[in-house]
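**Student:**
Residue numbers (this note's numbering): 1 to 145.
1. Would you identify the three-state DSSP class for residue 93, choosing helix, strand or coil?
2. Can you tell me which of the three DSSP states residue 17 falls into?
3. What are the boundary residues of the alpha helix (DSSP H) that includes residue 65?
4. Using only CA atoms, which one of 104, 137, 96 and 24 lies nearest to residue 112?
5. Would you call the region 85-102 in contact with the region 60-69, where contact means no fewer than 3 C-beta pairs closer than 8 Å?
6. Determine whether the beta carbon atoms of residue 84 and residue 18 lie at a separation below 8 Å.
7. Are residue 21 and residue 79 close, meaning C-beta to C-beta below 8 Å?
8. In the DSSP assignment, the alpha helix (DSSP H) including residue 32 goes from what residue to what residue?
9. So which of 120, 131 and 50 has the shortest CA-CA distance to residue 12?
10. Whose C-beta lies closer than 6 Å to the C-beta of residue 49 among residues of the same chain, with five residues either side of it excluded?
11. At the level of alpha carbons, what is the spacing between residue 77 and residue 8?
12. The beta strand (DSSP E) with residue 122 in it runs from where to where?
13. Would you report the Cα separation of residue 55 and residue 35, rounded to the nearest angstrom?
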């Protein structure tokens, strides 16, 4: 039996279809500025209120990939957890996220491909009940074998 020390996630054999993991974070001004600095994405729609007011969003919005990063948080720390390797991700950005919004990333196990140690997960982000990102990921999960 493994001791759960925060460094090990689920083994493939412990993953079941329908399992759900989530992570929630309120997006701050600091998050947006830091993400712009880390990623190099200084698009003024994220950083300049006067510019952003002239866009279809009528104000600043968070980087889509900032919110999408919360999906990675779930996969790497919660479900399946540490040891999980991201293989692919598709995303549809459905609505903007703004400073002060709480984004909840939710992943749901949809398929297990045991011979290849792969798991397919539905990956969505919500602000309240509104889906702001919809997607699907494939990950590789450690096995006891």
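Quick reminder that beta carbons are idealized off the backbone N, C-alpha and C, glycines included.
Keep in mind the model is a prediction, meaning the values are calculated, not measured.
**Tutor:** Let's see:
1. strand
2. coil
3. 64-77
4. 137
5. yes
6. no
7. yes
8. 29-39
9. 120
10. 60
11. 9 Å
12. 118-127
13. 21 Å
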